[in-house]
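Down below is the structure, laid out as structure tokens.
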Amino acid sequence: MSSEQKAFSNATLAPTDPSRLRLLAQQADFWRSLFADIDRYGPKCDPLVHPEDGGLDVFFDESVQRPRPDKLQMTQPQLDEMALSHKNFVSKLKERHYTLPYNTGTRGIVTTAGGPYLAVALVSIRMLRRTGSHLPVEVFLGSQDEFDPEICGVVMPLFNARCIVLHDIFKQAGLGHVEIDKYQYKIMAIMFSSFEDVLFLDSDCFPVLAPDDLMISEPFNTTGLVLWPDYWYPSESPLFFDIAGIQAPNLWAQASTESGQIIYSKSKHGLSLLLAAYYNYYGPEYYYPLQSQGAPGEGDKETFLWGAVAFSEPFYHVRKMPQALGYTTTLGEWRGSAILQFDPTQDFNRSMQLMYGETLDLTEPQPFFIHANFPKFSPSSIFTIKSFGAAGPTRDDDGTMRRIWHSNAAASVEAFGFDLERRLWEEIHDIGCQYEHVFTAWHDVKDICKNATLYWQTVIEPDTL
Numbered sequence: 106m107s108s109e110q111k112a113f114s115n116a117t118l119a120p121t122d123p124s125r126l127r128l129l130a131q132q133a134d135f136w137r138s139l140f141a142d143i144d145r146y147g148p149k150c151d152p153l154v155h156p157e158d159g160g161l162d163v164f165f166d167e168s169v170q171r172p173r174p175d176k177l178q179m180t181q182p183q184l185d186e187m188a189l190s191h192k193n194f195v196s197k198l199k200e201r202h203y204t205l206p207y208n209t210g211t212r213g214i215v216t217t218a219g220g221p222y223l224a225v226a227l228v229s230i231r232m233l234r235r236t237g238s239h240l241p242v243e244v245f246l247g248s249q250d251e252f253d254p255e256i257c258g259v260v261m262p263l264f265n266a267r268c269i270v271l272h273d274i275f276k277q278a279g280l281g282h283v284e285i286d287k288y289q290y291k292i293m294a295i296m297f298s299s300f301e302d303v304l305f306l307d308s309d310c311f312p313v314l315a316p317d318d319l320m321i322s323e324p325f326n327t328t329g330l331v332l333w334p335d336y337w338y339p340s341e342s343p344l345f346f347d348i349a350g351i352q353a354p355n356l357w358a359q360a361s362t363e364s365g366q367i368i369y370s371k372s373k374h375g376l377s378l379l380l381a382a383y384y385n386y387y388g389p390e391y392y393y394p395l396q397s398q399g400a401p402g403e404g405d406k407e408t409f410l411w412g413a414v415a416f417s418e419p420f421y422h423v424r425k426m427p428q429a430l431g432y433t434t435t436l437g438e439w440r441g442s443a444i445l446q447f448d449p450t451q452d453f454n455r456s457m458q459l460m461y462g463e464t465l466d467l468t469e470p471q472p473f474f475i476h477a478n479f480p481k482f483s484p485s486s487i488f489t490i491k492s493f494g495a496a497g498p499t500r501d502d503d504g505t506m507r508r509i510w511h512s513n514a515a516a517s518v519e520a521f522g523f524d525l526e527r528r529l530w531e532e533i534h535d536i537g538c539q540y541e542h543v544f545t546a547w548h549d550v551k552d553i554c555k556n557a558t559l560y561w562q563t564v565i566e567p568d569t570l
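Following my numbering, the numbering of the sequence shown begins with 106 at its first residue and continues without gaps.
Below, the structure is given as structure tokens:
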């Protein structure tokens, strides 16, 4: 064990059994009361028919005024029922006090993983620690089937991270099996985390720099909710605004949302968080199509924003647009494998300067988060996956191995201030070799360390400044 790992192991403040049981009881009580109202005031109409035609992958440009897309069809009875159920649930939230389960004054990082994504989460957590961050991490899993005893019980605590099983909370609440899937896990993890202030990161999203100060700086201090943009124009149906009783903004006011990273104050945004839970619980059949109409990335991404707007709660939506990371192949095809998002504090300061006409010292926000969402950067599959037809991002069209984001170390240093790719592949190589025979999900996978070592020795190790 390295000295760094020992330090994190010693710093891991895992609660004693009584305190953990108390939190579990609080989580169960909270879910029992919230779920009763979510169930009672859910839509009682047929699921919506999802729009078939696309055409919503239009890159956002605030200088171009586009009409709001209107692709979703609803019957009048569906519209009336959803408007009534939404109104009743919002009214119940206003009159009833729900005690969100968290420890006052705490800050931490929350993610969701399980099965093959547990290895992806470990890569991201180790990249987090390479920034110097000491924020604790909670990794939420769906069920005990996804709990890897060695990884969760031994490895994660080395990095001040612990696994939490959502089914344990549902079981404690006495409500049996709860049907949630994919995008719905995110809101559950945020709600049930023990932290008051939460930086949620998808399992395949990691920071370039230490994120600790983001939760004690603007714009989070003022708003309590920070969101990042996606590439596209928003695409909410006009019918959503009729249902929610919200004034529809101009389509060019801000880009759609990319929810690989979110910062939430649970004390400031209790109501909006609970409404986002409602939107997500009824997301796949109702609110996801209402808020995206089949646009790229449809899922939970817009639920957090509209939960806040519905209660007139403040938020900050980063203005700096994301950047695609990837390369152009020898055949001229683009292979993107990650989304680069930028520093929200620097973005906020720049926005304030522009607002007050202070344009002399404007600087662009620096890169802050990388959402490596396609394909997943698991040591067990990244070197062999066929994600671009013939090969994954580690091989060019002619079969030669190459870097995935920049052509060489110098270009990576120019982009990030240091060779971020080298750091990433070092972690992937170390995890692949150290835990090849540890991860339960890897038991049937061969040559993980061999493939990682070949790539490291061929591409990364020789490429130094």
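All C-beta atoms in this analysis are idealised placements derived from N, C-alpha and C, irrespective of residue type, glycine included.
- Boundaries of the beta strand (DSSP E) harbouring residue 447: 439–447, taken from the DSSP string.
- For residue 476, the three-state secondary structure derived from DSSP is strand.
- According to the DSSP assignment, residue 183 belongs to the alpha helix (DSSP H) that extends over 181–200.
- The region 474–548 contains, as complete alpha helix (DSSP H) runs of 4+ residues, the segments 514–521, 525–539 (chain order).
- By the C-beta density criterion, residue 254 is exposed, having fewer than 16 other C-beta atoms within 10 angstroms.
- Classified as exposed, residue 457 has fewer than 16 neighbouring CB atoms from the shown chains inside 10 Å of its CB.
- In the same chain as residue 332, and ignoring 5 residues on each side of it, the C-beta atoms closer than 8 angstroms to its own belong to 362, 364, 367, 409, 410, 420, 421, 422, 423, in chain order.
- Put simply, the backbone Cα of residue 350 is about 8 angstroms away from that of residue 415.
- The residues 302, 329, in chain order, have a CB closer than 6 angstroms to that of residue 370 in the same chain once the five nearest residues on each side in sequence are set aside.
- Scanning the region 358–414 from its first residue to its last, the whole beta strand (DSSP E) runs of 3-plus residues come out as 362–370.
- Around the beta carbon of residue 439, fewer than 16 other beta carbons lie within 10 angstroms, which makes this residue exposed.
- In this structure, DSSP gives residue 351 a state outside helix and strand, which the three-state scheme calls coil.
- Considering only 146, 205, 201, 227, the residue with the shortest C-alpha distance to residue 188 is 146.
- For residue 246, the uninterrupted beta strand (DSSP E) run begins and ends at 242–246, by DSSP.
- Distance between residue 381 and residue 412, taken at the CA atoms: about 5 angstroms.
- Inclusion of residue 280 and residue 246 in the CB contact set at 8 angstroms is not warranted, their separation being larger than that value.
- C-alpha of residue 428 to C-alpha of residue 164: approximately 12 angstroms in a straight line.
- The three-state secondary structure of residue 217, taken from DSSP, is strand.
- Sorting 558, 326, 149 by C-alpha distance to the C-alpha of residue 184 places 149 at the top.
- Residue 212 and residue 304 have their C-alpha atoms spaced approximately 8 angstroms apart.
- When the Cα atoms are used, residue 542 and residue 221 turn out to be separated by approximately 14 angstroms.
- 450 is the residue among 519, 450, 465 whose C-alpha sits nearest the C-alpha of residue 324.
- Shown here, residue 329 sits in coil according to DSSP, grouped into three states, outside any helix or strand.
- Beta-carbon to beta-carbon, residue 502 and residue 435 are separated by about 5 angstroms, close enough to satisfy the 8 angstroms threshold.
- Scanning its chain for C-beta atoms nearer than 8 angstroms, with the 5 sequence neighbours on each side dropped, one finds around residue 236 the residues 312, 313, 314, 315, 316, in chain order.
- For residue 558, the uninterrupted alpha helix (DSSP H) run begins and ends at 553–560, by DSSP.
- The criterion of a C-beta distance shorter than 8 angstroms is not satisfied by residue 133 and residue 269.
- Residue 285 and residue 143 have their C-alpha atoms roughly 13 angstroms apart.
- Excluding the 5 residues flanking it on each side, residue 513 has same chain C-beta neighbours closer than 7 angstroms at 568, in chain order.
- Residue 510 and residue 521 have their C-alpha atoms spaced approximately 12 angstroms apart.
- In the DSSP secondary-structure assignment, residue 310 is bridged to 476.
- In this model, residue 173 and residue 356 are separated by some 6 angstroms (Cα to Cα).
- Note that the C-beta distance between residue 307 and residue 482 is not below 8 angstroms.
- Excluding its 5 nearest sequence neighbours in each direction, residue 533 has C-beta neighbours in its own chain below 8 angstroms: 228, 482, 484, 487, 557, listed in chain order.
- By the neighbour-count definition (other C-beta atoms within 10 Å, threshold 16), residue 373 is a buried residue.
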